[in-house]
Amino acid sequence: MSELATREVDRSQLTVSDEVAIEIINMNKWYGAFHVLRDINLTVNRGERIVICGPSGSGKSTLIRCINRLEEHQEGTI
């Protein structure tokens, strides 16, 4: 077995707390007349892992870019 497979995992880093890391309230984003993100509400707590999935062109990358402040959203709060 490899060293990676036998290494102990520090479970304290896997704990989800009640502290909010990301909160999105009623976020909307348009590209011209195209409404890319419509009324998005999302809360992610510290330590929580989530998956954002959907078909191509559904706004996954745009959502992540807005969260990281690489793109501006027109309405709502992050």
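Just so you know, we're using my numbering here: the sequence shown kicks off at -4 and counts up by one. Ideal placement from N, C-alpha and C gives every residue a C-beta, glycine not left out.
Nearest-angstrom Cα separation, counted from PHE29 out to SER51: 15 Å
Environment of LEU32 [buried if 16+ CB atoms lie within 10 Å]: buried
Where LEU58 falls: helix, strand or coil (DSSP): helix
Per-residue burial, LEU9 [other beta carbons within 10 Å of its own, 16 or more giving buried]: In summary, LEU9 is exposed, with fewer than 16 beta-carbon neighbours lying within 10 Å of its beta-carbon over all protein chains present.
Contact set for SER12: own chain, Cβ-Cβ below 8 Å, skip 5 residues either direction: ASN40, ARG41 and GLY42
Simplified DSSP assignment, three categories, for LEU37: It is a strand residue.
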